[in-house]
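I have placed the structure first, in the form of structure tokens, so that the comments after it can refer back to it.
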Amino acid sequence: MYCDVRAYPLQIMMWHEIVNDTVDGIPVAVTFCPLCNSAIVFDKTLNDQLHTLGTSGMLRNSNLIMWGGQTETWWQQLTGEGIIGQLAGHQLAFIPAQIISWDDFKANNPEGSVLARETGTGRRYGVNP
Numbered sequence: 001m002y003c004d005v006r007a008y009p010l011q012i013m014m015w016h017e018i019v020n021d022t023v024d025g026i027p028v029a030v031t032f033c034p035l036c037n038s039a040i041v042f043d044k045t046l047n048d049q050l051h052t053l054g055t056s057g058m059l060r061n062s063n064l065i066m067w068g069g070q071t072e073t074w075w076q077q078l079t080g081e082g083i084i085g086q087l088a089g090h091q092l093a094f095i096p097a098q099i100i101s102w103d104d105f106k107a108n109n110p111e112g113s114v115l116a117r118e119t120g121t122g123r124r125y126g127v128n129p
């Protein structure tokens, strides 16, 4: 059971697609593919090694391809599978997550935290890229 409940607004995720974070002591990658509207969270530890994920700028089957810089592995966002690189064929572990409305989040998690809009990029969140 996870105690540290967090919200990652889609208005921010639409622009950045991946947030590397730590939740309840677990290093996670919170991912969002705007084209698929798929929000998936992964444990970033694989084979006792911590992996930082970023966007590759590529799509496969209209889905986000994530990039792991340490191993130069490309990861399919919908499946968490390594598709190219040193860890091709390996699988990232899924962390339970869901897309819910802001009202539902506030009502069910009054002490929950929210990813800040001040990301240092000057982006106009709320306007699609």
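Using the numbering used here, you'd call the opening residue of the sequence shown number 1 and step up by one each time. Heads up, the beta-carbon is just placed ideally off N, CA and C, and yes, glycines get one too.
{"Item": "What ranges does the beta strand (DSSP E) occupy inside the stretch 8-45, keeping only unbroken runs of at least 3 residues that lie completely in it?", "Value": "18-23, 26-33, 38-43"}
{"Item": "Check N63 in the structure and name its three-state DSSP category.", "Value": "strand"}
{"Item": "Quick one: residues in its chain with C-beta nearer than 8 Å to the C-beta of V28, no 5 flanking neighbours on either side, listed in chain order?", "Value": "N20, D21, T22, V41, F42, D43, K44, I95"}
{"Item": "Please classify T119: is it buried, with 16 or more other beta-carbons within 10 angstroms of its beta-carbon, or exposed?", "Value": "exposed"}
{"Item": "On the DSSP bridge assignment, give the partners of V114 in chain order.", "Value": "A7"}
{"Item": "Assuming the contact rule is C-beta atoms closer than 8 Å, A7 and G112 should be a hit. Round their C-beta distance to whole Å, please.", "Value": "6 Å"}
{"Item": "Is it right to say E72 is buried, meaning 16 or more other beta carbons lie within 10 angstroms of its own, or is it exposed?", "Value": "exposed"}
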